[in-house]
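**Q**
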Amino acid sequence: MNSHHHHHHHGPMSDRRLTWAIVINVLLTVVQVAAGVMSGSLGLIADALHNLSDAASMGIALLAQKIARRPADRLMTFGYQRAELVATLINVTALLLVGGYLLVEAIGRFMSPTPVQGWPVVIVAGVALAVDTATAWIIAGGARHSLNVQAAFLHNVTDALASLGVIAAGTLILLYDLIVADLLVTVAISGYVIYQAAGLLPRTVRLLMGATPDDLEFDAIVAALRATPGVRDIHHVHIWSLDEHRRALEAHLVPEADDLAAFEHLKHRVREVLHRRFHVEHATLEPCVADRAGAPIIRKEPAHRRHRQ
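Its first residue numbered 1, the sequence shown is counted upward by one per residue in this note's numbering.
This is how it looks when you write it as structure tokens:
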């Protein structure tokens, strides 16, 4: 059964690398929060909260990877790979919430500014930049193969950019006592976080809702199957993603011939077309002869002939 295969599409991403990335980010969050409170920098606290969401997102990604490796069973007959899509949805939702919270906080600070110390901001943000860059490098390989890990990777990339912004804000505070720079950086971080999350959300939701995969054209598949020799017509077509990497199709075929052996050959040809042209690995094809006058059922032709003789 196809559902038992393809459980390891996640490339070079390993549990150990993700675990190290989580530990590093948790430690960095503690340092950033302490420094942010001491210096009065909302930008630093914003970066810390985003770092905490990084650690949480990688923790969820790690758990989802472990669950996704479980083989198919009676409860989950297609396997557990969709656990990673659920994790992606959780991570993207967390990004939206963090971005929204930081935006509201920054607007509040604009109304009543508070003093900010420049040096702690610059030093801690510099450390954060190094850690964020290292973490992004650690998990970059897995991001190419998994939407789940890609969400965690985006957390880290945006954090590295945020740290650059916080360094710039700290420098402006040191040179010109420009406290508003801290708030502007916070708004920029929030906006970018929301933008990244909004980009991932639609695809994740479509995958979870069983939509036709983005790179497949429904009408093109139907046309290709209708053009397959031996197919008179096709209807009741459903195409969806089992997970990020595997597609499934269900369809009723109206065959030209009315014997079972011919239909078995037809199924083989149709599956070849689906696999070669559209990368559909799992296809359920049902014969439908109700549209054919005088042929209410599929007959086993050889046995029928023997019976007539």
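Glycine included, C-beta positions come from ideal geometry on N, C-alpha and C.
Give me the Cβ distance between Trp240 and Ala248, rounded to the nearest whole Å; I'm assuming they're in contact under 8 Å.
**A** 6 Å
**Q** Please name the residue, chosen from Phe153, Leu129 and Phe263, that lies closest to Leu161 on a Cα-to-Cα basis.
**A** Checking every option, the nearest Cα to that of Leu161 belongs to Leu129.
**Q** Taking buried to mean at least 16 other C-beta atoms within 10 Å of its own C-beta, is Val185 buried or exposed?
**A** Buried, by the Cβ-count rule.
**Q** Going by C-alpha distance, which of Arg17, Val37 and Gly230 is nearest Gly118?
**A** Val37
**Q** Can you give me the Cβ contacts of Met111 inside the same chain, cut-off strictly under 6 Å, excluding the 5 residues immediately before and after it?
**A** Setting aside the 5 residues that flank it on each side, Met111 has no residue in the same chain whose C-beta is closer than 6 Å to its C-beta.
**Q** Between the stretch 184-202 and the stretch 92-104, can you find at least three pairs of beta-carbon atoms closer than 8 Å?
**A** Between the stretch 92-104 and the stretch 184-202, the count of Cβ pairs shorter than 8 Å is three or higher; the stretches touch.
**Q** Would you be able to state if there are at least three C-beta pairs under 8 Å between the stretch 148-157 and the stretch 40-54?
**A** yes
**Q** To test your reading of the DSSP string, which unbroken beta strand (DSSP E) runs of 3 or more residues are found completely within the stretch 218-256?
**A** 231-241 and 247-255
**Q** Which same chain residues, not among the five before or five after Ala136, have their C-beta less than 7 Å away from its C-beta?
**A** Phe153, Asn156, Val157 and Ala160
**Q** Between His279 and the rest of its own chain, which residues show a CB-CB distance below 8 Å, the 5 nearest in sequence each way excluded?
**A** Arg247
**Q** Would you call Pro255 buried or exposed, if buried means 16 or more other Cβ atoms sit within 10 Å of its Cβ?
**A** buried
**Q** Going by the CB atoms, is the gap between Val231 and Leu253 shorter than 8 Å?
**A** yes
**Q** If we count the other Cβ atoms within 10 Å of its Cβ and call it buried at 16 or more, is Arg277 buried or exposed?
**A** Exposed: under 16 other Cβ atoms inside 10 Å.
**Q** Suppose you measure from the CA of Ile138 to the CA of Arg69; what does that come to, to the nearest Å?
**A** 21 Å
**Q** Contact check, Val166 vs Thr228 under 8 Å by CB: the rounded distance?
**A** Contact between Val166 and Thr228 is absent: CB atoms are separated by about 59 Å, not below the 8 Å threshold.
**Q** With burial defined as no fewer than 16 other Cβ atoms inside 10 Å of the residue's Cβ, what is the status of Thr29: buried or exposed?
**A** When all chains shown are included, Thr29 counts as buried.
**Q** Return the chain-ordered list of same chain residues with a C-beta closer than 6 Å to the C-beta of Glu286, the five sequence neighbours on each side being excluded.
**A** His252
**Q** Given 8 Å as the limit, is there contact between the stretch 72-82 and the stretch 176-192, that is, 3 or more CB pairs closer than that?
**A** no
**Q** Quick one: Cα of Ala89 to Cα of His282, how far?
**A** The amino acid occupying residue 89 in the given sequence is Leu; Ala does not appear at that position. Their backbone Cα atoms lie some 25 Å apart in a straight line.
**Q** Whose CA, out of Val23, Leu266 and Ala83, lies closest to the CA of Ala134?
**A** Val23
**Q** For Gln32 versus Leu44, is the C-beta spacing smaller than 8 Å?
**A** Contact: yes.
**Q** Taking only three categories from DSSP, how would you classify Leu102?
**A** helix
**Q** DSSP state of Ala128, grouped into three classes?
**A** helix
**Q** Please go through the same chain and pick out, in chain order, the residues whose beta-carbon is closer than 6 Å to the beta-carbon of Ala46, but skip the five residues on each side of it.
**A** Leu102, Thr186 and Ile189
**Q** Count the other CB atoms within 10 Å of the CB of Ala261; is the residue buried (16 or more) or exposed (fewer)?
**A** Result: exposed.
**Q** What does a CB cutoff of less than 6 Å around Leu266 pick up in its chain, not counting 5 residues either side in sequence?
**A** Gly230 and Pro255
**Q** With distances taken Cα to Cα, identify the nearest neighbour of Ser163 among Val124, Pro213, Ala140 and Phe263.
**A** Val124
**Q** What is the DSSP secondary structure of His282, counted as helix, strand or coil?
**A** Strand.
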